[in-house]
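Residue numbers (this note's numbering): 935 to 1204.
The beta carbon of each residue, even a glycine, is placed where N, CA and C say it ideally should be.
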Amino acid sequence: MILFSETEYFMNGIYAIAQLLYLDKKTFTILGELHGKYWECKGNKISPWEYCAKRISDNPDCSVLLEYDKSLSEESILQLESKSITDIYLTLEQQNKKYKIIPYDIRQWFLGIELHQSLYHSNYILNKLKQGSYSLIQEKYIDCFHNKCKINKKFLDTSSYDGDIKKLMENIKHEIIESFDNISKNIKTEDTEIIHKLLKENWQKVTDYFLLTIIFNDNKTNEYIVLGGMYHFEFLVKKLEKLTVLVNLQEFNEKRNSNNCASVYEPIIF
């Protein structure tokens, strides 16, 4: 049996929190942040790293999913824009609990480091589209998805799921494929900024699909804490809401600061 208990704590540096219960079997605490922004709440406060460390201490079957690629070196992880991610990593490493971290950003496996960075942190795609290099963008940012999925057929395989989970994963898979197909059809005629935006969003969706494969293929873990950017937060909550009971939702508020923090609950597992 699993219950959620309200605490007196407000979460430092977090723009949104959702806490969900799945069939009295698993709990999800999803934390949404704006990378590069952090603040300390006034009054009773708890940092994401403190919350993660406490939950792992209280529940050995708790795992923490963080938005970075598993191939990153420790040096690269500590240079990430997210203070919360780096603090969680350092804390669990110092406590010999780093094995509790599951990196879930799969984009680098598909795209490589340079193209992944160019997708979100430069005008590379916009410039190439304006130059008419449509086939290059098609090859680097769309075809690579299909080619990698042919190599690793398990990525899009939903045969291991049943019922509502299978339906959810099938729907997300079709959303991703359909979106890439639509981008391909309109790449020469649609506004370049819209194409760039759609590519970024669809690759974020690929990441969240991978995260859900981790969760739904794991029968040992009964508590997940997920930390990522706000797009991931909104997408995951929207999808998981269909399968779960939403216990606590503190929605995105761009005015969050030390005086306006999101409160957090704690699971109690019997």
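The Cβ-Cβ distance between Ser939 and Pro982 does not fall below 8 Å.
Within the same chain, and ignoring the five residues on either side of Leu1070 in sequence, the residues whose Cβ sits closer than 7 Å to its Cβ are Lys1062. In this structure, the alpha-carbon of Ser1192 lies about 34 Å from that of Asp958.
Within the segment 1012 to 1082, the complete alpha helix (DSSP H) runs of at least 4 residues fall at 1017 to 1028, 1041 to 1045, 1047 to 1055, 1058 to 1064, 1068 to 1072. Between the C-alpha atoms of Ile1110 and Asn1081 there is a straight-line separation of about 14 Å.
Under the three-state reduction of DSSP output, Gly1097 falls in the helix class. For the options Thr1141, Thr1178, Ile1148, the alpha carbon positioned closest to that of Tyr1165 is the one of Thr1141. With fewer than 16 other beta carbons inside 10 angstroms of its own, Asp1115 counts as exposed. Across the set Glu1127, Asn978, Leu1170, the C-alpha of Glu1127 shows the shortest separation from the C-alpha of Tyr1054.
Inter-residue distance for Ala950 and Gln1184 is about 5 Å (C-alpha atoms, whole angstroms). In this structure Ser1094 is exposed. Its beta-carbon is surrounded by fewer than 16 other beta-carbon atoms within 10 angstroms. The Cβ atoms of Ile1148 and Tyr1002 lie no closer than 8 Å to each other. The Cβ atoms of Ala1196 and Ile948 sit closer than 8 Å to each other.
Counting only runs of 3+ residues, no beta strand (DSSP E) is found wholly inside the segment 1099 to 1130.
Val998 and Tyr972 have their C-alpha atoms roughly 19 Å apart. The closest CA to that of Ile1203, considering only Phe962, Asn993, Tyr1143, is found on Asn993.
For the set Glu1157, Leu965, Asn1156, Gly1163, the Cα lying nearest the Cα of Lys1139 is the one of Gly1163. Contact annotation: Tyr1068 and Lys1122 have beta-carbon atoms nearer than 8 Å.
Contact annotation: Lys1172 and Leu1102 have beta-carbon atoms that are not nearer than 8 Å.
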